[in-house]
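Working notes, structure below.
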Amino acid sequence: MSQFKIENWIRRFNIHISDYSDRVDKVIQIVSFLVSFLLIGLICYYYGFNITPSLKETILSLIKAFSLFYVFKYLLSLLYSMKWKQFLRDTRTEAVILAFFLLQFVFVFLSQSILDYQPSELEIRNYTLFLYLYIFFIAILDLSKIVNYFTRFNISPPGMLLLSFFSLIIVGTILLSMPLMTTQPIHFVDALFTSTSSCCVTGLGVLDVSKDFTFRGQVVIMILMQLGGLSILSFASFFALFFSKSPKSVRSQYFVKDLLSANKTSETSAILRQIILATLIIEVTGMGLLFIYWQHNHFCTSTGQTLFYAAFHAISAYNNCGYTLWSDNFLNPLVSHAIFPQIVVMILILLGGIGFFVMADLFSPSAIRERRKKKWKKLRPSTIIVLRTTLFILVVGSLSFYFLEYHQSLSHKSNFTEKLVASIFQIVTGRTAGFNIVNMSLVTTPTLIITMLVMFIGASPGSTAGGIKTTTAFVIYKSVIATIRGKKHIEFRKKTIPFELVDKSYSIMFMSALVIFISVLAISIFEPTINFVNLLFECVSAFATCGLSTGCTSSFTDPTKIILVIVMFIGRVGTLTFAFALSKRVKDTNHIYPSTYFMVG
Numbered sequence: 087m088s089q090f091k092i093e094n095w096i097r098r099f100n101i102h103i104s105d106y107s108d109r110v111d112k113v114i115q116i117v118s119f120l121v122s123f124l125l126i127g128l129i130c131y132y133y134g135f136n137i138t139p140s141l142k143e144t145i146l147s148l149i150k151a152f153s154l155f156y157v158f159k160y161l162l163s164l165l166y167s168m169k170w171k172q173f174l175r176d177t178r179t180e181a182v183i184l185a186f187f188l189l190q191f192v193f194v195f196l197s198q199s200i201l202d203y204q205p206s207e208l209e210i211r212n213y214t215l216f217l218y219l220y221i222f223f224i225a226i227l228d229l230s231k232i233v234n235y236f237t238r239f240n241i242s243p244p245g246m247l248l249l250s251f252f253s254l255i256i257v258g259t260i261l262l263s264m265p266l267m268t269t270q271p272i273h274f275v276d277a278l279f280t281s282t283s284s285c286c287v288t289g290l291g292v293l294d295v296s297k298d299f300t301f302r303g304q305v306v307i308m309i310l311m312q313l314g315g316l317s318i319l320s321f322a323s324f325f326a327l328f329f330s331k332s333p334k335s336v337r338s339q340y341f342v343k344d345l346l347s348a349n350k351t352s353e354t355s356a357i358l359r360q361i362i363l364a365t366l367i368i369e370v371t372g373m374g375l376l377f378i379y380w381q382h383n384h385f386c387t388s389t390g391q392t393l394f395y396a397a398f399h400a401i402s403a404y405n406n407c408g409y410t411l412w413s414d415n416f417l418n419p420l421v422s423h424a425i426f427p428q429i430v431v432m433i434l435i436l437l438g439g440i441g442f443f444v445m446a447d448l449f450s451p452s453a454i455r456e457r458r459k460k461k462w463k464k465l466r467p468s469t470i471i472v473l474r475t476t477l478f479i480l481v482v483g484s485l486s487f488y489f490l491e492y493h494q495s496l497s498h499k500s501n502f503t504e505k506l507v508a509s510i511f512q513i514v515t516g517r518t519a520g521f522n523i524v525n526m527s528l529v530t531t532p533t534l535i536i537t538m539l540v541m542f543i544g545a546s547p548g549s550t551a552g553g554i555k556t557t558t559a560f561v562i563y564k565s566v567i568a569t570i571r572g573k574k575h576i577e578f579r580k581k582t583i584p585f586e587l588v589d590k591s592y593s594i595m596f597m598s599a600l601v602i603f604i605s606v607l608a609i610s611i612f613e614p615t616i617n618f619v620n621l622l623f624e625c626v627s628a629f630a631t632c633g634l635s636t637g638c639t640s641s642f643t644d645p646t647k648i649i650l651v652i653v654m655f656i657g658r659v660g661t662l663t664f665a666f667a668l669s670k671r672v673k674d675t676n677h678i679y680p681s682t683y684f685m686v687g
């Protein structure tokens with residue numbers, strides 16, 4: 087009887103609150119966005135500006151007070167969910183974090199701490215460390231829900247991608263402009279350039295990351311590289327799909343389906359999870375290998391510094407960025423003659439450059455099981471194309487670099503092994519990463535031209551790399567061969583490559599060449615004293631998001647830096663994506679006009 091009364095009371099309560107649940111949900115969400123924005127602003131102000139101890143205490147008190155809003159929000163959402171068990175099941179991750187947060191909050195009042203780790207360099211107490219991590223995580227959750235609202239405005243996936251990168255660049259610029267992020271005040275244009283280079287995982291620098299930025303600034307750059315490599319949109323969409331089980335996320339699934347070229351909407355959440363998981367596993371493995379080697383060889387002054395160096399360079403390598411914490415890049419004597427970290431970095435660059443879908447086709451347990459079970463099942467054509475073109479570029483490029491630079495930029499290498507590894511490293515990183523183990527200002531003109539071609543082709547689609555992509559170059563090559571042989575169709579492994587791909591490939595190459603041509607023309611007006619080959623090299627490097635430089639980037643004027651910012655942005659999002667986002671799509675018509683022929687060539 088008592089159980090019946092309880093169930094009856096719950097039923098009446100649910101009926102009573104059902105009229106207000108939608109309105110309450112909207113109000114909570116709006117307030118949550120405002121609180122998240124305010125908290126992040128307070129944290130940025132706390133760490134980005136010189137403030138008095140009393141103001142620090144005030145800010146910390148405000149952060150603690152506002153943080154309790156999330157507990158209230160969760161409990162209120164639970165109350166109005168009407169299906170409590172389902173709500174707790176769907177939000178179990180957030181529930182665990184909240185429980186730990188409350189437990190820590192109670193322990194603080196008892197003058198104790200659950201957390202033992204205290205990074206003195208960050209100058210924060212155990213409680214505030216966890217508090218800030220918690221706030222950041224919750225803010226990301228709130229940010230991911232904004233994706234659901236943007237999809238209502240019928241913004242196309244290319245438009246959303248542009249908007250996400252633009253927003254990330256602006257946020258990064260604001261953060262890097264703060265006084266405590268740099269060792270001395272920097273110009274807004276330099277902050278914008280560094281933020282764009284980090285977000286677009288380019289690695290071109292007008293400032294020295296190791297000298298001009300403090301530890302906090304370096305952490306911001308590392309985060310920007312990570313978010314830019316994953317694409318902030320994929321990052322936010324992942325949280326939206328992973329944590330949101332509501333019908334509102336269905337629209338986001340269709341949106342992300344288009345973005346990832348998935349076959350079904352049900353695949354989007356799984357694909358995004360796998361991308362995040364694969365990224366973390368590869369980066370942590372690379373970081374661990376670098377840490378073990380550098381720690382064993384007493385590379386840094388402390389274990390904490392070694393760990394940070396390992397994390398920074400693992401993230402920079404996998405995301406094909408090319409930023410380092412040494413002023414002379416990999417020319418630093420501590421790494422230029424150490425083959426093991428060079429091999430680790432090369433593997434990270436290659437894995438980041440071949441793309442997630444190729445890695446999944448090669449290494450995922452499900453794909454391997456399917457190939458074992460079905461002997462006729464082979465690798466996807468796109469995977470084979472990526473592997474073949476990558477291998478061809480690496481072999482031909484490395485041998486060319488070795489023979490052309492043997493008595494030039496490789497002359498400081500002591501033996502055959504070092505010269506060969508350096509040649510391979512320079513071509514691997516020259517595709518899109520931007521690390522340099524030789525002095526690029528000493529490289530001969532033929533080698534610079536080969537490097538520019540390698541940069542222009544870049545790596546693979548769906549990766550963290552830039553360039554026109556290996557598949558684009560392959561399709562154009564097959565098209566040229568088919569034209570020479572008088573064939574009407576382009577074939578590969580008993581498959582016909584559709585005209586749409588050929589048309590898209592030529593469009594990508596033409597627009598990419600046009601962007602580089604216009605940028606070289608514009609920059610030559612502002613930089614008349616710079617050698618043409620060096621100028622072309624810088625523009626190709628910026629467009630291909632490579633980051634290699636002949637050493638003239640830091641001497642550029644502000645107009646040139648702005649031009650390169652635009653070039654890096656277009657190169658990161660892709661020429662076709664950029665064009666699609668800015669143009670109005672025209673619906674195809676059913677009628678076709680008569681064909682006409684005229685002389686070309």
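In my numbering, the protein residues as written are 87 to 687. Glycine included, every Cβ here is placed at the ideal spot set by N, Cα and C. Just so we're clear, the structure is a prediction, and the values are computed from it rather than from any experiment.
Task: Which residues DSSP lists as bridging Leu268, in chain order - done: Here the question's residue 268 lines up with position 182 in the sequence shown. The sequence as given places Thr at residue 268; Leu does not occur at that position. The beta-bridge partner set that DSSP reports for Thr268 consists of Phe299.
TODO: Take Thr268 as the anchor and find which of Leu290, Val295, Ser253 and Gly245 has the nearest alpha-carbon.
DONE: Locating residue 268 in the sequence shown gives position 182, counting from the first residue. Per the Cα distances, Val295.
Open item on the list: Distance check for Ser527 and Gly637, CA to CA, integer angstroms please.
Closed with: The residue given as residue 637 occupies position 551 in the sequence shown. The residue given as residue 527 occupies position 441 in the sequence shown. Between Gly637 and Ser527, the C-alpha separation is close to 6 Å.
Open item on the list: Just to confirm the assignment, what range does the alpha helix (DSSP H) spanning Phe489 have?
Closed with: Within the sequence shown, numbered from 1, the residue matching residue 489 stands at position 403. Run containing Phe489: Pro467 to Glu491, per the alpha helix (DSSP H) assignment.
Task: Short Cβ contact (8 Å threshold) for Ala630 with Gly572 - done: Taking the sequence shown and counting its residues from 1, the one referred to as residue 630 is at position 544. Taking the sequence shown and counting its residues from 1, the one referred to as residue 572 is at position 486. Against a cut-off of 8 Å, the Cβ pair of Gly572 and Ala630 comes out as no contact.
Open item on the list: So, for Arg658: in the same chain, excluding its five sequence neighbours on each side, which residues have a beta-carbon less than 8 Å away from its beta-carbon?
Closed with: If you number the sequence shown from 1, residue 658 lands on position 572. Here Arg658 has Phe251, Cys285, Cys286, Val287, Thr288, Gly314, Gly552 and Thr631 as same chain residues with Cβ atoms under 8 Å from its own Cβ, once five neighbours each way along the sequence are excluded.
TODO: If I'm right that Ser605 touches Thr558 with Cβ under 8 Å, what's the distance once you round it to whole angstroms?
DONE: Position 519 of the sequence shown, counted from the start, is the residue given in the question as residue 605. Position 472 of the sequence shown, counted from the start, is the residue given in the question as residue 558. No, Ser605 and Thr558 are not in contact; Cβ-Cβ is about 20 Å, not under 8 Å.
Task: Beta-carbon proximity of Ile583 to Ser422, cut-off 8 Å - done: Numbered from 1 along the sequence shown, position 497 holds the residue referred to as residue 583. Numbered from 1 along the sequence shown, position 336 holds the residue referred to as residue 422. In this structure, the beta-carbon distance from Ile583 to Ser422 does not fall below 8 Å.
Open item on the list: Within the continuous alpha helix (DSSP H) that includes Tyr569, where are the two ends?
Closed with: If you number the sequence shown from 1, residue 569 lands on position 483. The sequence given here has Thr at residue 569, not Tyr. Where Thr569 is concerned, the enclosing alpha helix (DSSP H) stretches over Thr556 to Ile570.
Task: Beta-carbon contacts of Val431 that lie in its chain and below 6 Å, excluding the five residues immediately before and after - done: Here residue 431 corresponds to residue number 345 of the sequence shown, with the count starting at 1. If we look at Val431 and ignore the five residues flanking it on each side, its Cβ neighbours are Ala403.
TODO: May I ask you to report which of helix, strand or coil DSSP gives Ile656?
DONE: Within the sequence shown, the letter at position 570 stands for residue 656. Helix.
Task: From Leu141, Val619, Ile149 and Tyr133, residue whose alpha carbon lies closest to that of Ile260 - done: For the purposes of this step, residue 260 is taken as residue 174 along the sequence shown, with counting starting at 1. Of Leu141, Val619, Ile149 and Tyr133, the residue nearest in Cα terms is Tyr133.
Open item on the list: Can you tell me whether Val566 is buried or exposed? The criterion is at least 16 other CB atoms within 10 Å of its CB, across all chains shown.
Closed with: Sequence index remark: in the sequence shown, residue 566 carries index 480 (1-based). It counts as exposed.
TODO: Over the uninterrupted alpha helix (DSSP H) stretch that includes Glu586, give me the two end residues.
DONE: Mapped onto the sequence shown, residue 586 falls at position 500. Where Glu586 is concerned, the enclosing alpha helix (DSSP H) stretches over Phe585 to Phe612.
Open item on the list: Runs of 4 residues minimum, wholly inside the region 123–168: which ones carry the alpha helix (DSSP H) assignment?
Closed with: 139–167
Open item on the list: Per the DSSP calculation, Glu369 is bridged to which residue(s)?
Closed with: Position 283 of the sequence shown holds residue 369. None; Glu369 has no bridge partner.
Open item on the list: Helix, strand or coil, according to DSSP, for Lys581 in the structure here?
Closed with: If you number the sequence shown from 1, residue 581 lands on position 495. Strand.
- [ ] Can you tell me the Cβ-Cβ gap for Ser484 and Leu496, rounded? I've got them flagged as a contact below 8 Å.
- [x] Within the sequence shown, numbered from 1, the residue matching residue 484 stands at position 398. Within the sequence shown, numbered from 1, the residue matching residue 496 stands at position 410. Not a contact, Cβ separation roughly 12 Å.
- [ ] For my contact list, Gly441 and Ser598 are in at a C-beta cut-off of 8 Å; report their separation, rounded to the angstrom.
- [x] The residue you call residue 441 lines up with position 355 of the sequence shown. The residue you call residue 598 lines up with position 512 of the sequence shown. Wrong, their Cβ atoms sit about 18 Å apart, outside the cutoff.
Task: Length of the line joining the Cα atoms of Pro139 and Ile149 - done: Taking the sequence shown and counting its residues from 1, one reaches residue 139 at position 53. Taking the sequence shown and counting its residues from 1, one reaches residue 149 at position 63. Their backbone Cα atoms lie some 15 Å apart in a straight line.
Task: Among Lys647, Ser627, Ile576 and Thr280, nearest to Ile611 - alpha-carbon criterion - done: As a first step, residue 611 must be located in the sequence shown, where it is residue number 525. For Ile611, the nearest C-alpha among the options comes from Lys647.
- [ ] For Leu434, collect the residues of the same chain with a Cβ closer than 8 Å to its Cβ; drop the 5 residues on either side in sequence, then sort them by chain order.
- [x] Residue 434 sits at position 348 when you count from the first residue of the sequence shown. Closer than 8 Å at the Cβ level, and outside the excluded window around Leu434, lie Ile368, Glu369, Gly372, Ala400, Ala403 and Tyr404.
Task: DSSP three-state assignment for Ile361, whether helix, strand or coil - done: Here residue 361 refers to the residue found at position 275 when the sequence shown is read from its first residue. It is helical.
TODO: In angstroms with no decimal places, state the Cα-to-Cα distance between Met691 and Phe542.
DONE: This structure does not reach residue 691, given that the chain is present from 87 up to 687, and the question cannot be answered.
Task: Of the listed residues Tyr156, Glu143, Arg109 and Ser147, nearest to Ser122 (C-alpha basis) - done: Residue numbering aside, residue 122 sits at position 36 when the sequence shown is read from its first letter. Here the closest residue by C-alpha is Tyr156.
Task: Between the CA atoms of Asp644 and Phe603 - distance to the nearest angstrom - done: The sequence position of residue 603 within the sequence shown is 517, counting from 1. The sequence position of residue 644 within the sequence shown is 558, counting from 1. Taking the straight line from one Cα to the other gives about 19 Å.
TODO: State buried or exposed for Leu125, treating a residue as buried only when at least 16 other CB atoms are found within 10 Å of its CB.
DONE: Counting from 1 along the sequence shown, the entry for residue 125 is found at position 39. Leu125 should be labelled buried.
Task: DSSP three-state assignment for Ile425, whether helix, strand or coil - done: Within the sequence shown, the letter at position 339 stands for residue 425. For Ile425, the three-state secondary structure derived from DSSP is helix.
Task: Sub-8 Å separation of Gly516 and Thr550 beta-carbons - done: Your numbering for residue 516 matches position 430 in the sequence shown. Your numbering for residue 550 matches position 464 in the sequence shown. No, the pair does not count as a contact, with Cβ atoms beyond the cut-off.
Task: Residues that Ile576 bridges to, as DSSP identifies them - done: Locating residue 576 in the sequence shown gives position 490, counting from the first residue. Answer is Ile583, bridged to Ile576.
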